[in-house]
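Engineer: One structure follows; several queries about it will come next.
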Amino acid sequence: MNLGASIKALTRSLCAFPTGVVAPANEPLFARLRAEIPLALHRYASGGEHNGWLVPDSWSVERALVTRDGLPVADCAAHPLGVAAYSTSFTGELSLDELLAHVVSRPDLPDAIPYHCMWQYRPWDADWALCVPHAQVETWRPGRYRVDLVTRRQQGEMLVAVADKRGVSDRTIVLNAHTCHPVMANDDMAGVAVLVRLFQRLLERETFYSYRLVLGPEHLGTIFYLAGLSRAERERLVCGLFLDMPGTDGPLTIASTFLGGQPLDLALANAARHGAAAFRPVSWRQGAGNDETVWEAPGYEVPFAEVSRAHSLFEPFREYHTSLDTPDLMDEGQLEETLLVLDAALDALERDAVPMRRFDGLPCLSSPRYRLYRERPDPSVDKGLVADDEAWGVLADSLPRYLDGSLSLLEIAERHGLPFAAVRRELERWEERRLVDLVPRVVERQPVTLAAEDWEEAVRGG
Numbered sequence: 002m003n004l005g006a007s008i009k010a011l012t013r014s015l016c017a018f019p020t021g022v023v024a025p026a027n028e029p030l031f032a033r034l035r036a037e038i039p040l041a042l043h044r045y046a047s048g049g050e051h052n053g054w055l056v057p058d059s060w061s062v063e064r065a066l067v068t069r070d071g072l073p074v075a076d077c078a079a080h081p082l083g084v085a086a087y088s089t090s091f092t093g094e095l096s097l098d099e100l101l102a103h104v105v106s107r108p109d110l111p112d113a114i115p116y117h118c119m120w121q122y123r124p125w126d127a128d129w130a131l132c133v134p135h136a137q138v139e140t141w142r143p144g145r146y147r148v149d150l151v152t153r154r155q156q157g158e159m160l161v162a163v164a165d166k167r168g169v170s171d172r173t174i175v176l177n178a179h180t181c182h183p184v185m186a187n188d189d190m191a192g193v194a195v196l197v198r199l200f201q202r203l204l205e206r207e208t209f210y211s212y213r214l215v216l217g218p219e220h221l222g223t224i225f226y227l228a229g230l231s232r233a234e235r236e237r238l239v240c241g242l243f244l245d246m247p248g249t250d251g252p253l254t255i256a257s258t259f260l261g262g263q264p265l266d267l268a269l270a271n272a273a274r275h276g277a278a279a280f281r282p283v284s285w286r287q288g289a290g291n292d293e294t295v296w297e298a299p300g301y302e303v304p305f306a307e308v309s310r311a312h313s314l315f316e317p318f319r320e321y322h323t324s325l326d327t328p329d330l331m332d333e334g335q336l337e338e339t340l341l342v343l344d345a346a347l348d349a350l351e352r353d354a355v356p357m358r359r360f361d362g363l364p365c366l367s368s369p370r371y372r373l374y375r376e377r378p379d380p381s382v383d384k385g386l387v388a389d390d391e392a393w394g395v396l397a398d399s400l401p402r403y404l405d406g407s408l409s410l411l412e413i414a415e416r417h418g419l420p421f422a423a424v425r426r427e428l429e430r431w432e433e434r435r436l437v438d439l440v441p442r443v444v445e446r447q448p449v450t451l452a453a454e455d456w457e458e459a460v461r462g463g
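Residue numbering for the sequence shown follows the numbering used here, starting at 2 and increasing by one per position.
Below is the structure:
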């Protein structure tokens with residue numbers, strides 16, 4: 002199966018829906034995704050508030066026509082990005098300068114329609130704006146222009162879709178992507194498509210951890226979804242990752258969890274270092290910047306990494322937030338590589354273990370009893386060694402001291418720059434010869450900090 006082609010085809014299908022934070026197209030989008038995996042929908046009514054965040058109304062555009070002397074200049078309703086999201090209505094005549102004060106364009110991408118989304122997060126600031134290719138704006142000449150912009154707002158529901166895969170443990174790993182950017186591929190229907198294909202793979206096998214796929218509007222969906230969970234349920238979420246922009250030409254960029262050094266960080270770094278053609282590790286919130294801030298927020302503090310192909314935080318890729326972010330932009334090899342790296346990282350978390358020795362002293366690894374010796378260089382003997390052999394030899398020399406329960410296989414693999422799966426296979430050979438026991442390494446939930454009133458209650462109770 003061509004994984005990249007499958008992901009690209011699903012992305013193209015999802016991009017047909019002009020979605021939004023609250024939009025009529027969200028229902029058919031999730032109906033399409035239900036054809037791939039079972040999904041439960043969580044609904045949040047317009048007007049809901051949490052920590053100052055608001056669930057907006059359902060917003061749509063009826064007309065967005067610019068004319069001059071009775072002749073059409075721009076029909077901004079013809080494309081889902083043509084009117085800034087949550088623009089107010091406006092009808093009237095303006096000079097060119099007055100009109101341009103309400104026009105968004107990209108001189109660096111003259112054929113692109115920009116995506117203006119600020120007001121869906123700040124509805125109290127909403128004005129009106131039209132998003133027009135800069136090449137078209139350049140043809141406009143001084144004069145009087147008439148704008149006929151009619152938008153509609155009405156009560157609606159924000160939708161967040163959730164799929165669960167039960168494992169042996171109720172400790173849950175979260176996979177998250179957003180669905181609110183209309184018709185844009187890499188940001189982030191491709192992220193949705195990759196995680197759907199990954200979740201399908203997880204459903205096919207038995208896992209120790211439970212997995213939860215969360216798909217919904219960026220920030221707002223996650224904010225209200227988490228606020229609606231009980232403390233006990235939130236504390237079963239041991240870690241998670243947000244995926245965005247998986248098909249662009251950038252290196253696989255992994256932004257660490259807030260604390261860093263978590264098992265998830267090690268697993269993602271190991272999988273990317275050995276499974277991606279180019280890997281760029283960055284600190285927390287320095288990738289593309291997404292819902293990791295919500296999952297890691299005080300009182301939740303779910304260790305959350307972000308995986309993307311962003312070149313930088315504010316300029317992730319050239320066509321970002323424009324109509325040029327289409328499925329044709331995506332590279333199938335990059336999509337497949339992203340999926341396989343994520344699969345390998347989850348496999349490392351699933352199969353990580355702490356090796357515990359069953360011997361004292363130094364075993365003779367070259368003995369016919371064990372046959373575990375890794376050859377080291379000898380100036381007098383050509384052993385036909387390759388570069389990796391030296392790394393494996395150093396590991397073999399070090400292993401006896403690692404078998405005290407202080408390091409997991411994943412930590413050992415990272416310390417020696419070796420792939421987790423290969424280190425796991427090597428230690429399974431040691432286990433077969435009864436030199437070690439492999440004790441499963443379980444990801445523990447990080448303790449959640451207390452808010453002021455909780456501290457006061459704890460002090461009183463103490």
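Quick reminder that beta carbons are idealized off the backbone N, C-alpha and C, glycines included.
1. Determine, using beta carbons only, whether Gly-248 and Asp-329 come nearer to each other than 8 Å.
2. Grouping DSSP H, G and I as helix and E and B as strand, with all else coil, what is Phe-225?
3. With Cys-11 as the anchor, note down where its alpha helix (DSSP H) starts and where it stops.
4. How long is the line joining the alpha carbons of Ala-186 and Arg-274, rounded to whole angstroms?
5. Whole angstroms are fine: how far does the CA of Leu-265 sit from the CA of Leu-34?
6. So, do the segment 438 to 453 and the segment 361 to 372 have three or more beta carbon pairs nearer to each other than 8 Å?
7. Let me confirm a value: Leu-347 is counted as buried when at least 16 other C-beta atoms fall within 10 Å, else exposed. Which label applies?
8. Which residues mark the beginning and the end of the beta strand (DSSP E) in which Tyr-45 is found?
9. With a threshold of 7 Å on Cβ separation, who are the neighbours of Leu-196 within its own chain once the five nearest residues in sequence on each side are excluded?
10. Name the residue from Pro-108, Val-239, Ala-32 and Pro-19 whose alpha carbon lies nearest to the alpha carbon of Val-84.
11. I need the straight-line Cα distance from Leu-363 to Arg-425, nearest angstrom please.
12. By DSSP, does Arg-281 sit in helix, in strand, or in coil?
13. Tell me, please, whether the CB atom of Leu-34 is closer than 8 Å to any CB atom in chain C?
14. Quick check on Pro-264: does DSSP put it in helix, strand or coil?
15. Excluding five sequence neighbours on each side, which residues of the same chain lie with their C-beta closer than 6 Å to the C-beta of Arg-13?
16. With distances taken Cα to Cα, identify the nearest neighbour of Arg-402 among Arg-435, Asp-58, Ala-289 and Pro-356.
17. Are the CB atoms of Ile-174 and Gly-222 nearer to each other than 8 Å?
18. If contacts are defined as beta-carbon pairs under 8 Å, then Phe-421 and Ala-306 qualify, I think. What distance do you get, rounded to the angstrom?
19. With H, G and I counted as helix, E and B as strand and the rest as coil, what does DSSP make of Glu-427?
20. Whole-angstrom Cβ separation of Glu-37 and Gln-201, contact assumed at under 8 Å?
21. Rounded to the nearest angstrom, how far is the Cβ of Ser-106 from that of Val-133, given a contact under 8 Å?
22. In three-state DSSP terms, what is Met-119?
23. For Ser-313, which of helix, strand or coil comes out of DSSP?
24. Take Leu-267 and list the residues in its own chain whose beta-carbon comes closer than 7 Å to its own, dropping the five residues that flank it on each side.
25. Looking at the structure shown, is Tyr-146 part of a helix, part of a strand, or coil, going by DSSP?
26. May I ask you to report which of helix, strand or coil DSSP gives Arg-35?
27. I need the DSSP call for Ala-78, collapsed to helix, strand or coil.
28. Ordered along the chain, which non-local residues of its own chain (more than five positions away) have a Cβ less than 6 Å from that of Pro-115?
29. Check whether the Cβ atoms of Ala-86 and Gln-121 lie closer than 8 Å to each other.
30. Apply the 10 Å Cβ neighbour rule to Lys-384 and answer buried if 16 or more other Cβ atoms are within range, or exposed otherwise.
31. To which residues of the same chain is Ile-8 closer than 6 Å at the C-beta, ignoring the five residues directly before and after it?
32. Can you have a look at Pro-380 and say buried or exposed, based on whether 16 or more other CB atoms are within 10 angstroms of its CB?
33. Hey, Thr-253 and Val-342: beta-carbon distance below 8 Å or not?
34. Just how far apart, CA to CA, sit Asn-3 and Asp-250?
35. From the DSSP secondary-structure annotation, give me the bridge partner or partners of Thr-68.
36. Assuming Glu-219 and Tyr-45 are in contact, meaning their beta carbons sit under 8 Å apart, how far apart are those beta carbons, in whole angstroms?
Structural biologist: Concretely, from the data shown:
1. no
2. helix
3. One detail in the question is off: residue 11 reads as Leu in this sequence, not Cys. Counting along the chain, the alpha helix (DSSP H) containing Leu-11 begins and ends at 4 to 15.
4. 26 Å
5. 27 Å
6. no
7. buried
8. 41 to 46
9. Leu-176, Ala-178, Leu-214 and Leu-244
10. Pro-19
11. 21 Å
12. strand
13. The structure shown contains no chain C; it holds only a single protein chain.
14. helix
15. Pro-328
16. Pro-356
17. no
18. About 16 Å; that fails the 8 Å criterion.
19. helix
20. 7 Å
21. 5 Å
22. helix
23. coil
24. Leu-411, Glu-412 and Glu-415
25. strand
26. helix
27. helix
28. Val-105, Arg-107, Cys-132 and Thr-323
29. yes
30. exposed
31. Ala-194, Val-195, Arg-198 and Leu-336
32. exposed
33. Checking the sequence, you will find Leu at residue 253 rather than Thr. Result yes, Cβ atoms of Leu-253 and Val-342 sit closer than 8 Å.
34. 19 Å
35. Pro-73 and Arg-147
36. With 8 Å as the limit, Glu-219 and Tyr-45 do not qualify as a contact, their Cβ atoms being about 14 Å apart.
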